[in-house]
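Colleague: Going by the working numbering, the sequence shown opens with residue 319, and the numbers climb by one from there.
Don't be surprised by glycine CBs; every beta carbon is placed ideally from N, CA and C.
Provided herewith is a single structure, encoded as structure tokens, for subsequent inquiry.
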Amino acid sequence: MSVSQTKGSAASAAPDRKTVKSVPMATRPIDLPQRQLTHKGFHRPRRKRQPRRRRSPALRFTPTAWAKLLFLRDFGPTEVGGFGITPADDLLLVEDVELVRQSCSAVSVAFDDSAVAELFDEQVDDGRRPEQFARIWLHTHPADSARPSPVDERTFRRVFGRCDWSVMFILAVGGERYARLQFAAGPGGSIRVPVRIDWSEQFPATDPDQWAAEYEDCVRHDTFSSVDLSVWDDMAEWEVAQSNGSTESDI
Ligand SMILES: [Zn+2]
Numbered sequence: 319m320s321v322s323q324t325k326g327s328a329a330s331a332a333p334d335r336k337t338v339k340s341v342p343m344a345t346r347p348i349d350l351p352q353r354q355l356t357h358k359g360f361h362r363p364r365r366k367r368q369p370r371r372r373r374s375p376a377l378r379f380t381p382t383a384w385a386k387l388l389f390l391r392d393f394g395p396t397e398v399g400g401f402g403i404t405p406a407d408d409l410l411l412v413e414d415v416e417l418v419r420q421s422c423s424a425v426s427v428a429f430d431d432s433a434v435a436e437l438f439d440e441q442v443d444d445g446r447r448p449e450q451f452a453r454i455w456l457h458t459h460p461a462d463s464a465r466p467s468p469v470d471e472r473t474f475r476r477v478f479g480r481c482d483w484s485v486m487f488i489l490a491v492g493g494e495r496y497a498r499l500q501f502a503a504g505p506g507g508s509i510r511v512p513v514r515i516d517w518s519e520q521f522p523a524t525d526p527d528q529w530a531a532e533y534e535d536c537v538r539h540d541t542f543s544s545v546d547l548s549v550w551d552d553m554a555e556w557e558v559a560q561s562n563g564s565t566e567s568d569i
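Structural data, given as structure tokens:
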């Protein structure tokens, strides 16, 4: 190969200005470098590869369940607590909120000894599995902050820490919300998760009369409630009994 040959071929590949000027825009030949005519460069412009987005888990409420939780939060002056009920195939979608009998003050909720077991037995009778009714612990804070109290943290760790997964959700009067997913698999851990209202499915109408009746049936106001975690220990025993196949509970 000589230098003159290289120069010659480069000159013949260069566009002739006069020729190009006379060709209408629509039929002007596209002068692309050869390397762009490959299938990678020509037909498909290269896109910057986006990192694969992993859908992070979120705690979701049906509109009806959310309305009920707001109603219960605002019905009395104290905290109020219960469990989120979910469908079998969507364990982070709360479709109902179930109260249990409880004594409440502005800073605490103490469930009655037999109340949790009764609720759980009813749920089993209705054909639900424990992960549908005993994993999402809900309560309200009558103040503006949804931050878990030290007692909340202790309860969540002691009672739900043995579950393969569980959620603590707190809704404050001011609207602030807090949700944390705790899991025991592998090394264990916990992460804050977003909270959403899921409008994608059909949902029943609100029923404030029934909600008020449930509240009055379950919630007793105390000016002062001592923090008694024994019922939570009983609940943990109930869980163990269930996982061992027993239908008996001595809570
Ligand atoms: Zn709390």
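Could you tell me which of 506, 494 and 501 sits nearest to residue 512, measuring between CA atoms?
Modeller: Among 506, 494 and 501, the Cα nearest to that of residue 512 belongs to 494.
Colleague: Any idea if residue 412 is buried or exposed, counting beta-carbon neighbours within 10 angstroms, 16 or more meaning buried?
Modeller: The residue in question, residue 412, is buried, as its Cβ has 16 or more Cβ neighbours within 10 Å.
Colleague: Is the region 515 to 523 touching the region 373 to 385 in the sense that three or more CB pairs, one from each, lie closer than 8 Å?
Modeller: Contact holds: three or more Cβ-Cβ distances are below 8 Å.
Colleague: Please write down, chain order preserved, every residue whose beta carbon lies under 5 Å from a heavy atom of ligand 1.
Modeller: This selection yields 467 and 470.
Colleague: Beta-carbon separation of residue 489 and residue 387 under 8 Å?
Modeller: Yes. Within cutoff.
Colleague: Going along the chain, which residues of its own chain have a beta-carbon closer than 6 Å to the beta-carbon of residue 613, five neighbours each way excluded?
Modeller: The chain is shown only over 319 to 569; residue 613 falls outside these bounds and no answer can be derived.
Colleague: If we require 4 or more residues per run, which alpha helix (DSSP H) segments fall completely within the region 394 to 443?
Modeller: Fully enclosed alpha helix (DSSP H) runs of 4 or longer: 433 to 443.
Colleague: Please classify residue 454 as buried or exposed, where buried requires at least 16 neighbouring CB atoms within 10 angstroms.
Modeller: Result: buried.
Colleague: State the DSSP-derived secondary structure class of residue 473, mapped to helix, strand or coil.
Modeller: It is helical.
Colleague: Is the beta carbon of residue 433 less than 8 Å from the beta carbon of residue 418?
Modeller: Against a cut-off of 8 Å, the Cβ pair of residue 418 and residue 433 comes out as a contact.
Colleague: On the premise that residue 393 lies in contact with residue 530, defined as a C-beta separation below 8 Å, what is that separation, rounded to the nearest angstrom?
Modeller: About 7 Å separates the two Cβ atoms, so the contact holds.
Colleague: Beta carbon of residue 520, beta carbon of residue 508: below 8 Å?
Modeller: No, they are not a contact pair.
Colleague: Out of 396, 383, 384 and 452, which has the shortest C-alpha to C-alpha gap to residue 537?
Modeller: Of the listed residues, the one whose Cα sits closest to residue 537 is 396.
Colleague: Alpha helix (DSSP H) containing residue 501: first to last residue?
Modeller: Per DSSP, residue 501 belongs to no alpha helix (DSSP H); it is in the beta strand (DSSP E), 495 to 501.
Colleague: Assuming residue 425 contacts residue 457 under a Cβ cut-off of 8 Å, what Cβ separation, rounded to an integer in Å, is found between them?
Modeller: Not really, about 11 Å apart at Cβ, beyond 8 Å.
Colleague: Which term fits residue 465, buried or exposed, when burial requires 16 or more other beta carbons within 10 angstroms of its beta carbon?
Modeller: Label assigned to residue 465: exposed.
Colleague: Quick test of your reading: residue 416 and residue 399, contact by CB under 8 Å. State the CB separation rounded to the nearest angstrom.
Modeller: Their Cβ separation, rounded to whole angstroms, is 10 Å, which puts residue 416 and residue 399 out of contact at 8 Å.
Colleague: With a CB to CB cut of under 6 Å and the five nearest residues on each side skipped, what residues in its chain are close to residue 430?
Modeller: Counting only Cβ-Cβ distances below 6 Å, and skipping sequence neighbours, we find 419.
Colleague: Would you mind working out which of 451, 497 and 442 sits nearest residue 470, comparing C-alpha positions?
Modeller: Minimum Cα distance to residue 470 is reached at 497.
Colleague: Could you pull out every residue in the same chain whose Cβ sits closer than 7 Å to the Cβ of residue 325, ignoring the five residues on either side in sequence?
Modeller: Caution applies to residue 325, whose pLDDT of 44 falls short of 50 and renders its modelled position unreliable; the value that the coordinates give is listed next. The answer is none, since no qualifying residue turns up.
Colleague: Quickly, what does DSSP pair residue 507 with across the bridge? List them, please.
Modeller: According to DSSP, residue 507 bridges with 501.
Colleague: Taking just the CA atoms, how far does residue 444 sit from residue 463?
Modeller: Approximately 35 Å between the Cα atoms of the pair.
Colleague: Tell me whether residue 510 is buried or exposed, calling it buried when 16 or more other Cβ atoms sit within 10 Å of its Cβ.
Modeller: Answer is exposed; the Cβ neighbour count stays below 16.
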